[in-house]
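Student: One structure, pasted below without further comment.
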Amino acid sequence: MADATGTGMSGGASGGTGGWEFTDDRGAASSAARRPERVLAYVRAGAALLDLGVRPVAVYGSAHDGELPDPVKAGGLAEAGVPYLGAGRALDEARVRERAGRVDLVVDVTYDGKSPYALDEELAGRLGVPLVTLSVGGEHTLSEVVARFGELAGALGAAGTAGAATGRMGDAEAALRAAAGQAGLGVLALSGAGPEQVHLARPHAWPELARLAELGVRFVDPGPGPGASWLTTDWEHAVGLAPGLVLFDSRANAVPPQVVPPGARLAPWNPETPPSPAAYARFFQNLTAALENQP
Numbered sequence: 002m003a004d005a006t007g008t009g010m011s012g013g014a015s016g017g018t019g020g021w022e023f024t025d026d027r028g029a030a031s032s033a034a035r036r037p038e039r040v041l042a043y044v045r046a047g048a049a050l051l052d053l054g055v056r057p058v059a060v061y062g063s064a065h066d067g068e069l070p071d072p073v074k075a076g077g078l079a080e081a082g083v084p085y086l087g088a089g090r091a092l093d094e095a096r097v098r099e100r101a102g103r104v105d106l107v108v109d110v111t112y113d114g115k116s117p118y119a120l121d122e123e124l125a126g127r128l129g130v131p132l133v134t135l136s137v138g139g140e141h142t143l144s145e146v147v148a149r150f151g152e153l154a155g156a157l158g159a160a161g162t163a164g165a166a167t168g169r170m171g172d173a174e175a176a177l178r179a180a181a182g183q184a185g186l187g188v189l190a191l192s193g194a195g196p197e198q199v200h201l202a203r204p205h206a207w208p209e210l211a212r213l214a215e216l217g218v219r220f221v222d223p224g225p226g227p228g229a230s231w232l233t234t235d236w237e238h239a240v241g242l243a244p245g246l247v248l249f250d251s252r253a254n255a256v257p258p259q260v261v262p263p264g265a266r267l268a269p270w271n272p273e274t275p276p277s278p279a280a281y282a283r284f285f286q287n288l289t290a291a292l293e294n295q296p
């Protein structure tokens, strides 16, 4: 496994004797005299890089996270011994240097294509290192999101680590397509906000949900209302949609389903699944099992 070192790739990165460069999804070009070896990353990005063969020196959370990492978002980071520094916007230069030592590169995600999601951009400047930000928003397909993380991992030294996992993801998609065609269940993805409130996902706004729809998963329309990614409503409205399967947000900041529609099955969904073939293969496999194991 690479320790955040790597060769450049076309379509976003270059390396070699002329130094290291990578253009992120904001269109910002980062450069360094040599390929970065020590990467600080948002936990979701760090878990994806680890899957792809690059071990970050440390990770940080979002505004939803506290002093302890959310195990649902962290993937294999804890097992790999990658330290978690706390919520990104609460970090300062001293804490990063104390816990992570020298940092060569910061990696975050963006939902709007403009701003890093979890970190104060000025912190990277104070650390004196480039900030690479990759998009995970609904304007991109799942394959595009995963491919971009693969490009960055390759630029950081992970050579050929994702091939087998990509094959497993393809196999998992094929199995899911077959299960979705046979099950015919209406599926509702949601994030619990408390006993009185729930956020219902609009599938087109989430790359992985949009991919599920392409594979034949039949989503229940949350209905009209404000919110590009979520419709915020009450649990009674969710129950009234009569889904056969509820994908519930399994992150620590979300609450479990307060009311389960009669006869509906439950399956976990992590809206911040690490953007790697291995992580999405596992998600597709779990969803396939939920669709197949009907009462």
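If you count the sequence shown from 1, you need to add 1 to reach our numbering. The C-beta atom is built at its ideal place from N, Cα and C for all residues, glycine as well. From a predicted model like this one, the values you see are computed outputs, not experimental measurements.
When the Cα atoms are used, what is the spatial distance from Leu-292 to Ala-184?
Tutor: Residue mapping note: residue 292 aligns to position 291 of the sequence shown, counting from 1. Residue mapping note: residue 184 aligns to position 183 of the sequence shown, counting from 1. Answer to the nearest angstrom: the Cα atoms are 6 Å apart.
Student: Counting along the chain, where does the beta strand (DSSP E) carrying Arg-1 start and finish?
Tutor: Beyond the ends of the chain as shown, which are 2 and 296, falls residue 1; an answer cannot be given.
Student: Decide if Glu-298 is buried, meaning its Cβ has at least 16 other Cβ atoms within 10 Å, or exposed.
Tutor: Coverage of the chain is limited to positions 2 through 296, which leaves residue 298 absent and any answer about it impossible.
Student: Could you tell me how far apart the beta carbons of Arg-149 and Asp-26 are, in whole angstroms, since I believe they sit closer than 8 Å?
Tutor: Translated into the one-based positions of the sequence shown, residue 149 becomes position 148. Translated into the one-based positions of the sequence shown, residue 26 becomes position 25. Rounded, the Cβ-Cβ distance is 7 Å, consistent with contact.
Student: Report the three-state DSSP secondary structure of Asp-52 (helix, strand or coil).
Tutor: Within the sequence shown, residue 52 is the residue found at index 51, counting from 1. Note: Asp-52 maps to helix in three-state DSSP.
Student: Within its chain, find whatever has a CB closer than 6 Å to the CB of Met-10; leave out the 5 residues flanking it on each side and keep chain order.
Tutor: For the purposes of this step, residue 10 is taken as residue 9 along the sequence shown, with counting starting at 1. The predicted model places Met-10 with a pLDDT of 33, which falls under 50 and marks its position as unreliable; any figure quoted below should be read in that light. Cβ within range, chain order: Glu-152, Gly-155, Ala-156.
Student: Buried or exposed for Asn-271, please, with buried defined as at least 16 other CB atoms from any protein chain shown within 10 angstroms of its CB.
Tutor: One-based indexing of the sequence shown puts residue 271 at position 270. With 16 or more other Cβ atoms within 10 Å, it is buried.
Student: Go through its chain and collect everything with a Cβ distance to Ala-180's Cβ below 6 Å, but skip five positions before and after it.
Tutor: Residue 180 sits at position 179 when you count from the first residue of the sequence shown. Closer than 6 Å at Cβ, skipping near neighbours: Thr-289, Leu-292, Glu-293.
Student: Taking Cβ to Cβ, would you say Arg-266 is nearer than 7 Å to Gly-217?
Tutor: Numbered from its first residue, the sequence shown carries residue 266 at position 265. Numbered from its first residue, the sequence shown carries residue 217 at position 216. Taking 7 Å as the Cβ cut-off, Arg-266 and Gly-217 do not qualify as a contacting pair.
Student: Determine whether the beta carbon atoms of Leu-86 and Tyr-118 lie at a separation below 7 Å.
Tutor: Here the question's residue 86 lines up with position 85 in the sequence shown. Here the question's residue 118 lines up with position 117 in the sequence shown. Their beta carbons are not under 7 Å apart, which means Leu-86 does not touch Tyr-118 by this criterion.
Student: Assuming contact is defined by CB atoms lying nearer than 7 Å, are Val-58 and Ala-101 in contact in what I supplied?
Tutor: On the sequence shown, position 57 is the one that residue 58 refers to. On the sequence shown, position 100 is the one that residue 101 refers to. Yes, Cβ-Cβ distance for Val-58 and Ala-101 is below 7 Å.
Student: Roughly how many angstroms separate the alpha carbons of His-141 and Val-104, rounded to a whole number?
Tutor: If you number the sequence shown from 1, residue 141 lands on position 140. If you number the sequence shown from 1, residue 104 lands on position 103. Computed Cα separation, rounded: 29 Å.
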